[in-house]
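Comments concern the structure below.
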Ligand SMILES: [Zn+2]
């Protein structure tokens, strides 16, 4: 079994503790880990679309659980139907229909109550994953050993 090193946990803690923008800090941290090829070592669960693959990845570093949703492209028709022009302009990666992924602090979301979750989308649809469910599914999982993914 590959253990997540204390160094990694300490690095993450420093990054998050020193930052004044928690949301940005966890987003950056996830990006660093991904760039370093370390995500699989800290993954505790995956949510997949049965047709196109990853929709969200849950990782745990030390005592903190993060969720990262994957970026996705909507078909021109669905994009038109489900989104508004101003959001398309401001929030997409291409100014139109390529929506970025987000990083969430799952413990913070869970503090908001049992109905708080995150949306995991792909071009086939959107599923809301409740934060309390993520914590329940992952509570005994050793990072790096995510087991069976949840399929949508
Ligand atoms: Zn899909």
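Numbering (my numbering), first residue to last: 2 to 153. Glycine is no exception: its CB is placed at the ideal position from the N, C-alpha and C atoms.
Residue i and residue j: beta carbons closer than 8 angstroms?
{"i": "residue 66", "j": "residue 130", "result": "no"}
{"i": "residue 61", "j": "residue 151", "result": "no"}
{"i": "residue 42", "j": "residue 147", "result": "no"}
{"i": "residue 40", "j": "residue 106", "result": "no"}
{"i": "residue 70", "j": "residue 56", "result": "yes"}
{"i": "residue 49", "j": "residue 72", "result": "no"}
{"i": "residue 132", "j": "residue 142", "result": "no"}
{"i": "residue 17", "j": "residue 30", "result": "yes"}
{"i": "residue 63", "j": "residue 10", "result": "yes"}
{"i": "residue 121", "j": "residue 128", "result": "yes"}
Can you determine whether any heavy atom of ligand 1 sits closer than 7 angstroms to the C-beta of residue i, and answer yes or no?
{"i": "residue 52", "result": "yes"}
{"i": "residue 124", "result": "yes"}
Among all the DSSP beta bridges, which residues are the ones paired with residue i?
{"i": "residue 46", "result": "59"}
{"i": "residue 74", "result": "99"}
{"i": "residue 104", "result": "69"}
{"i": "residue 126", "result": "123"}
{"i": "residue 148", "result": "Paired residues: none, contrary to the question."}
Is there a Cβ of chain C sitting closer than 8 angstroms to that of residue i, yes or no?
{"i": "residue 70", "result": "Chain labels in this structure do not include chain C; a single protein chain is all it has."}
Since residue i and residue j are thought to touch, with beta carbons under 8 angstroms apart, how far apart are those beta carbons, to the nearest angstrom?
{"i": "residue 124", "j": "residue 75", "result": "6 angstroms"}
{"i": "residue 68", "j": "residue 119", "result": "6 angstroms"}
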